[in-house]
Amino acid sequence: MSFDEDARAASTAVHAGGRYAAVAPIAGVRIPLGARQVALGDGELRAWQRRNRDATVPHSIEQLRLAGNLDNLARIADPGDGTSRFRGRYPFLDTDVFKTLEGLAYLLAEDEAVGAAPGDVRDFYEEAVGVIEAAQREDGYLNSYFQAPEIEKEPWEDLAWGHELYNLGHLIQAAIAAKRRLGDDRLLIVARAFADLAVERFGPDGDPQVCGHPEVEMALVELFRETGVPSYLELATAFVDRRGHGTVELRVFPAEYFQDSAPLRDLDSVTGHAVRMAYLAAGATDVALERGDQELLASLQRLWDDMVETKLYLTGGLGSRHSDEAIGDRYELPSERSYSETCAAIAVMQWGWRLYLATGSAAVLDTVETVLYNAYAAGLSADGMAFFYDNPLQRRPDHLQRSGAEADGELLRRSWFGCPCCPPNIVRWTAELQDHLATSTPAGVEVAHLTAASITTERLSVTVDTAYPWDGAVIVTVDTAADDEVELAIRIPAWVVGGSIRMGGSAAPLEPVDGWIRVRRWWRAGDTVELDLPMPVRAHGAHPSVDALRGSIAFVRGPIVSCAEQQDTTADLDLLRFSGADAGRAVVEHRRILDREGIDAVTLLVPATVDAPAPAVLYPVLSGAPDAESAAASLADIETTASLTQTTATLIPYALWGNREPGAMRVWFRAR
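Taken in order, the sequence shown gives residues 1 to 672; the numbers are from full-length UniProt numbering.
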């Protein structure tokens, strides 16, 4: 099949406006600037991308081959002697190939731009695209599990757990990345054939059901944006509106798990499986933006606000339940049982970015930033070749459960998983970070995230120099500017108190409005805007309804959440006690944390007291028994008297924990 002329014309018109980013709305006033317009400079995010290219991508390609993900597609393309079998436990393992290809499209485009030899990356890309093309059925269907001759289930037989539409979603996103970054439409032809089959089967006159795992919604909207074909947006809208009407066949988990207990517009709070919920909300936000559906957008903003206020961990992690990878109740945020799946962190950022595009909310971006530098960053090891599936905020000394609930293997990070959804998700998200940095607007340019970068638009091009998130000094230099008034808007994180802005040699107090500073003027090349964002160490408590954190304290500097690992402190982490005033006495140091990887980071040296060990009785009697008085006095001594020793605790960025030998870790400590 090929593009129809109307779709090609629509796609050309969209791209003429500079819409090359991973998310490229047609409606709305904000146009995300993609990799052709934003280049990360020498900063933290660029370091992540180098690690992704040099370590995570080669490692992931090797693991995909070893696990058989690509073989599953290859044997459908070429059955051979028919003796091989589907490899793996799950029917959605094709998505790990698709997510990896999405990331590779960005890497290969950069290789082509600088004239580097792509090597194994290009080889894997070409091989994978070839087997995907060859494996697709004539009617457009593609899923190596259900196409396998030994699998008794038929396609579309098990929408709750078959994940065929989830597969389609990731295929579409890989295809669009290949088209926009490489000009390669081979995957897009495959994806459109599959999408057309989905439209025929589940469109307005088809089967009124939904996939058990949302994801295809945002992909279909992006396919509409890329091709201009309205049926893709219509199907995405139908999937959003059908959710919550009891169409998902229930086995094992209740309707809430699938976000199928109430229509999304009426949902009281984010609920159920965390990744499913955030993917659904992201796709629904796309739908609301393109259709101008203010009612739906208001519902999504309400759900976001409720999530941030009652269900997100301090790190930005989402999901407190291991049993069903679920979000949990309001204020159900136990540190050691934090699930906070890495994929959920990516899903929350995808939702947040789309919500910002629709609303311009700086507060939403504040949360996205927290997720980026903490819940997301913790999911990958310092060397780029081992992963956390779940991301707790506490690890007890005797903890034995493996990440991802694997039965054996390493106690901390793992090189791969039986359900390897997180590693390829990291590959693609890291590769496209620059696509979620800045937007152009009718007024000018909005810098949504602070990091070293060059940003190029027709009306205004700037270079951002900063060591953020480790340092609050930011210098924005104008490279080129139109002969006109143009607005430069920069988000100021909500945690910033005080600070200054300097232009033309004069400084003034920093006074953001709704989280932004907006400077509208005639710019000249060489003009600068200098920001000084103070980064004191902050002590955080928790809402009193978070029972698991009552009487606890945590430390944050800038957007970076800190934690303590037992290796850095001689005192038992469980006995450390801090006060809010200790934040003001903290010493900020740049020091080597991991010699093997050569990792330096900002650490906090915080004065602490060390409690005496508590009585060995698990539940001491405090009243109503002869020995209650002495037991109560013993506990009171520990709570109120001066501790036996003083110490200085070394706190490291939460994102870097788990790179050494297994041991205790804490984000939250006893408060005094």
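Backbone N, C-alpha and C define an ideal beta-carbon position, used for all residues, glycine too.
Since this is a predicted model, take the numbers as computed values, not measurements.
| Item | Value |
| --- | --- |
| Candidates Leu644, Val287, Asn425 and Glu341: closest to Val610 by CA position | Leu644 |
| Inter-residue Cα distance where the pair is Leu605 and Phe555 | 11 Å |
| Straight-line gap, Val529 to Ala39 (C-alpha atoms, nearest Å) | 19 Å |
| In DSSP terms, what Thr645 is bridged to | Val610 |
| Beta-carbon contacts of Trp353 that lie in its chain and below 6 Å, excluding the five residues immediately before and after | His436 |
| Distance CB(Arg105)-CB(Glu249) smaller than 8 Å | Looking at the sequence provided, one finds Ala at residue 105 rather than Arg. No, they are not a contact pair. |
| Neighbourhood of Pro534 by C-beta distance below 8 Å, restricted to the same chain and skipping five residues each side | Gly472, Val496, Val497, Gly498 and Gly499 |
| Assigned exposure category for Tyr141 - 16 Cβ within 10 Å defines buried | buried |
| Buried or exposed (CB count within 10 angstroms, at least 16 for buried), Gln401 | exposed |
| 8 Å contact criterion, which Arg491 and Ala443 should meet: CB distance rounded | Actually they do not touch by this definition, with Cβ atoms about 15 Å apart. |
| Bridge partners - Val394, DSSP secondary structure assignment | With the sequence shown as reference, residue 394 is identified as Gln, and Val is not the correct amino acid for it. Beta-bridge pairing links Gln394 to Arg666. |
| Separation of Pro423 from Thr367, as counted between CA atoms | 22 Å |
| Whether Ala175 touches Val199 by CB criterion (8 Å) | no |
| Alpha-carbon spacing of Ile61 relative to Glu341, whole angstroms | 22 Å |
| Of the listed residues Ala542, Phe578, Arg550 and Gly558, nearest to Pro493 (C-alpha basis) | Gly558 |
| Beta carbon of Thr466 nearer than 8 Å to that of Thr451 | yes |
| Reference Gln394, options Ala564, His273 and Ala178, closest by Cα | Ala564 |
| Burial state of Glu215 (16 or more Cβ within 10 Å) | buried |
| Buried or exposed (CB count within 10 angstroms, at least 16 for buried), Gly658 | buried |
| 7 Å CB neighbourhood of Gly246 in its chain, flanking five on each side removed | Ala255 and Asp260 |
| Own chain residues within Cβ distance below 6 Å of Arg592, not counting five before or after | Asp600 |
| Nearest residue (CA-CA) to Val667, options Pro653, Glu661 and Arg660 | Pro653 |
| The beta strand (DSSP E) enclosing residue 678, as first and last residue numbers | Examination of residue 678 is not possible in this model, given that the chain is present from 1 through 672 alone. |
| Three-way DSSP call (helix, strand, coil) for Ala452 in this model | coil |
| Val513 versus Val519: straight-line alpha-carbon distance, rounded | 12 Å |
| Anticipated Cβ contact below 8 Å, Val210 with Ala278, distance rounded | That pair is no contact at about 16 Å. |
| Cα-Cα separation, Asn52 to Leu66 | 19 Å |
| Paired residues, beta bridge with Ile475 - DSSP | Asp465 and Glu530 |
| Residues bridged to Leu380 (per DSSP) | Phe387 |
| 6 Å CB neighbourhood of Cys421 in its chain, flanking five on each side removed | Cys343 |
| Own chain residues within Cβ distance below 6 Å of Gly41, not counting five before or after | Ala452 and Ala453 |
| Cβ-based burial, Trp429 [other Cβ within 10 Å; buried from 16] | buried |
| Supposed contact pair Gly317 and Ala375 - C-beta distance, whole angstroms, cut 8 Å | 4 Å |
| The ligand GTP heavy atom lying under 7 Å from the CB of Val546 | Of ligands this structure carries none, so the ligand GTP is not represented either. |
| Distance between Gly283 and Trp351 (C-alpha atoms, nearest Å) | 8 Å |
| C-beta atoms of residue 674 and His543 nearer than 8 Å | As displayed, the chain neither begins before 1 nor continues past 672, which places residue 674 out of reach and without an answer. |
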